[in-house]
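So the sequence shown is numbered by the working numbering: it starts at 521 and just counts up by one.
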Amino acid sequence: MTGIRLTAPAPGWAIDADVVVVGSGVAGLTTALRCAAAGLDTVVVTKARLDDGSTRWAQGGIAAALGEGDTPEQHLDDTLVAGAGLCDEEAVRTLVTEGPDAVRRLITTGATFDTTDSGDIALTREGGHHRRRIAHAGGDATGAEISRALVEAVRSAALHTIENALVLDLLTDAEGRTAGVSLHVMGEGQHDGVGAVRAPSVVLATGGMGQVFSATTNPSVSTGDGVALALRAGAEVSDLEFVQFHPTVLFLGADSEGQQPLVSEAVRGEGAHLVDATGTRFMLGQHELAELAPRDIVAKAITRQMHEHSTEHMYLDARHFGAAMWEQRFPTILAACRAHGIDPVTEPIPVAPAAHYASGGIRTDLRGRTTVPGLYACGEVACTGVHGANRLASNSLLEGLVFAERIAADIAETRPPRTEPAKSTGGEPVALLAPETRTAIQRIMTRGAGVLRSAASLAAAAEELEALHRSASADVDAADPKDAVPGVDAWEVTNLLLVSRVLVAAAREREETRGCHWREDRPDRDDAHWRRHLVVRIAADRTPVVHRTETAAFPPVRAAD
521 MTGIRLTAPA
531 PGWAIDADVV
541 VVGSGVAGLT
551 TALRCAAAGL
561 DTVVVTKARL
571 DDGSTRWAQG
581 GIAAALGEGD
591 TPEQHLDDTL
601 VAGAGLCDEE
611 AVRTLVTEGP
621 DAVRRLITTG
631 ATFDTTDSGD
641 IALTREGGHH
651 RRRIAHAGGD
661 ATGAEISRAL
671 VEAVRSAALH
681 TIENALVLDL
691 LTDAEGRTAG
701 VSLHVMGEGQ
711 HDGVGAVRAP
721 SVVLATGGMG
731 QVFSATTNPS
741 VSTGDGVALA
751 LRAGAEVSDL
761 EFVQFHPTVL
771 FLGADSEGQQ
781 PLVSEAVRGE
791 GAHLVDATGT
801 RFMLGQHELA
811 ELAPRDIVAK
821 AITRQMHEHS
831 TEHMYLDARH
841 FGAAMWEQRF
851 PTILAACRAH
861 GIDPVTEPIP
871 VAPAAHYASG
881 GIRTDLRGRT
891 TVPGLYACGE
901 VACTGVHGAN
911 RLASNSLLEG
921 LVFAERIAAD
931 IAETRPPRTE
941 PAKSTGGEPV
951 ALLAPETRTA
961 IQRIMTRGAG
971 VLRSAASLAA
981 AAEELEALHR
991 SASADVDAAD
1001 PKDAVPGVDA
1011 WEVTNLLLVS
1021 RVLVAAARER
1031 EETRGCHWRE
1041 DRPDRDDAHW
1051 RRHLVVRIAA
1061 DRTPVVHRTE
1071 TAAFPPVRAA
1081 D
């Protein structure tokens, strides 16, 4: 244990449970439902409302070998290719073999997918897939439908839920084992202010960290809280340098910040073309799948075109779909475009890459266990080894489903006893940053660690981030400290800084281009030296410690039971 924790008031209330699940997307709610079904007293904590996580923003769908002629082996092959040599093959095999039945169980939970005239699940293609294997709902509202079904199931099961609550830190017992979490509930309700959920099993399903960048497809709640908590608790993270930038995000202007509208890869899957200002397709000849190449390849191609043409975006042309197809297949995207003054029925859509998905995260084994005993991670916050250096489109919802079920099974099997949290973790709490620092961090990360990186850009980003870190620490040590007042905004931005420092440390270490990590000064993939994972932890002095594995295999997760 590091003894590192956020500056926060002591918990003023506490409740006890067998399991606390932090997050209410597909990973969190599936875990909670399975744990409750096994007779475990389960509490769900979520940062906003139950249906406000990243899952409901997922447009494209969920990938699984459900179609005639498709097999898990073919799904595995596509996933390994997209992962650029860093996928854990056992993890991928687990995903693709258990995935189809996990989707069928999701349907029995209440999720309704689009079907063909014959009643079969309608399947489409996305980037990197050689077959139609993407199940979707409501045309382009798959995540919203999955979220609706799971939230209804949670409410029907009368699970104890705590909404509008930011998790702060892991609680541990005298032996260093998980004993719950501290959290802050925003607003009045059954619980208010800082409190604790005491439980021997904690499942982090907090989603991504896209808000470390200025422009992202992630909702505002995606501030890396789970990764930051795990790092402070002494857990290891891996592959954090592999941030996937979605190639086709609606371009709203160079100064646009925050969550940006996504133009799903399924639009290209149905035949849309990427073109420059003259209407020329530029993906032809770049890859055998053209517009349906893996996301890192498409994002790089768009970025190159933008540089060559000295422009800030390219175009996605789907005018040939016609109004009826747009309205039936992509109603959400159509509405978003029109809301911003663009009609994709009659004009090409301006698009540019934006931060989308963290392929890395808290390192886990195939049962979701981290390197901290009793702490699990699932979904985007986790690094199971499934995604490698670049996530295959629509594997994320499937990963959340499959590994949530595995985590619930492990907790139900082990049923660890409840223990008392230790009175003190020792050490001084982390100095909080002023909320207005958030924009500075995002601009530093976008400029230095965005789609295109270099040794110089990453070094500059590291120095600027360390300056913010030193400044906050100096304020605490000053005779008249000016450190930020504990509160949601200060806690979030402090989490963002920690995650950013670790991401940049890993990106500086990886001196090659692989997957969605693009180093302009190291343009080639170097399997001899860099077909390895970078594992990072935070030392007691709060500096990131980066370790390169000896092989492409993940080292075992050693968390004492």
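We put the beta carbon where it would ideally sit given N, CA and C, even for glycine. Please read all numbers here as calculations on a predicted model, not as lab measurements.
Per-residue DSSP class, three states only, for residue i
i            : result
residue 523  : coil
residue 1043 : coil
residue 652  : coil
residue 918  : helix
residue 787  : helix
residue 857  : helix
residue 800  : coil
residue 998  : Confidence at residue 998 is low in this model, with a pLDDT of 48, below 50, so its placement is unreliable and the value that follows should be read with caution. If DSSP states are grouped into helix, strand and coil, residue 998 belongs with coil.
residue 903  : strand
residue 806  : coil
residue 711  : coil
residue 993  : helix
residue 1053 : coil
residue 757  : strand
residue 843  : helix
residue 1077 : coil
residue 848  : helix
residue 721  : strand
Neighbourhood of residue i by C-beta, 7 Å cutoff - its chain only, sequence neighbours within 5 removed
i           : result
residue 993 : 951
residue 949 : 525, 526 and 527
residue 928 : 551, 554, 555 and 558
residue 635 : 641 and 642
residue 978 : 968, 969, 1024, 1027 and 1028
Short Cβ contact (7 Å threshold) for residue i with residue j
i            : j            : result
residue 532  : residue 700  : no
residue 1032 : residue 1050 : yes
residue 631  : residue 665  : yes
residue 789  : residue 645  : yes
residue 917  : residue 541  : no
residue 583  : residue 915  : yes
residue 612  : residue 906  : yes
residue 744  : residue 900  : no
residue 767  : residue 815  : yes
residue 603  : residue 785  : no
residue 765  : residue 819  : yes
residue 698  : residue 895  : yes
residue 770  : residue 746  : no
residue 662  : residue 942  : no
Span of the beta strand (DSSP E) around residue i
i            : result
residue 818  : Segment 815-829 is the alpha helix (DSSP H) holding residue 818; no beta strand (DSSP E) there.
residue 541  : 539-542
residue 704  : 698-705
residue 837  : 834-837
residue 565  : 562-565
residue 668  : Run containing residue 668: none in the beta strand (DSSP E); it sits in the alpha helix (DSSP H), 662-676.
residue 745  : Residue 745 -> not in any beta strand (DSSP E); alpha helix (DSSP H) instead, spanning 745-752.
residue 689  : 685-692
residue 737  : Counting along the chain, residue 737 falls outside any beta strand (DSSP E), and DSSP gives it neither H nor E.
residue 681  : 680-682
residue 1037 : Looking at the DSSP string, residue 1037 is not in any beta strand (DSSP E), and its letter there is neither H nor E.
Proximity test, residue i beta-carbon vs the ligand ATP heavy atom, cut-off 6 Å
i           : result
residue 744 : Although the ligand ATP was asked about, the structure shown includes no ligands whatsoever.
Proximal residues to residue i (C-beta, below 6 Å), its chain only, five neighbours per side dropped
i           : result
residue 561 : 537 and 538
residue 549 : 670 and 674
residue 807 : 813 and 817
residue 999 : Because residue 999 carries a pLDDT of 43, less than 50, the predicted location of this residue cannot be relied on, and no value is offered for it.
residue 680 : 563
Where the alpha helix (DSSP H) through residue i begins and ends
i            : result
residue 548  : 546-557
residue 944  : Unbroken run through residue 944: none, as it is neither H nor E.
residue 597  : 592-602
residue 1019 : 1008-1029
residue 968  : 957-969
residue 492  : This structure cannot settle anything about residue 492, because the visible part of the chain is limited to 521 through 1081.
Own chain partners of residue i with C-beta closer than 8 Å, once the 5 adjacent residues on each side are dropped
i            : result
residue 922  : 614, 615, 618, 619 and 622
residue 529  : 713, 714 and 1006
residue 1078 : 891
Quiz item: Does the stretch 776-795 come close enough to the stretch 730-748 to have 3 or more Cβ pairs within less than 8 Å?
Solution: yes
Quiz item: Does the stretch 680-698 come close enough to the stretch 613-631 to have 3 or more Cβ pairs within less than 8 Å?
Solution: no
Quiz prompt | contact_flag[the stretch 886-905, the stretch 866-873] where n(CB pairs < 8 Å) is 3 or more | solution = no
Self-check item: the stretch 748-759 / the stretch 1010-1024 touching (three or more Cβ pairs under 8 Å)
Solution: Yes: the two stretches touch, three or more of their Cβ pairs being nearer than 8 Å.
Practice problem: Could you tell me whether the stretch 645-659 touches the stretch 564-581, where touching means 3 or more Cβ pairs closer than 8 Å? | Solution: Result yes; three or more Cβ-Cβ pairs closer than 8 Å.
Quiz item: Does the stretch 1003-1012 come close enough to the stretch 1058-1075 to have 3 or more Cβ pairs within less than 8 Å?
Solution: no
Quiz item: Three or more C-beta pairs closer than 8 Å, one from the stretch 1034-1054 and one from the stretch 966-976: is that the case here?
Solution: yes
Exercise. Inspect the CB distances between the stretch 789-803 and the stretch 1042-1062 and report whether three or more fall short of 8 Å.
Key: no
Quiz item: Is it a yes or a no for the stretch 1009-1018 touching the stretch 956-964, going by three-plus beta-carbon pairs under 8 Å?
Solution: Verdict: yes, contact present.
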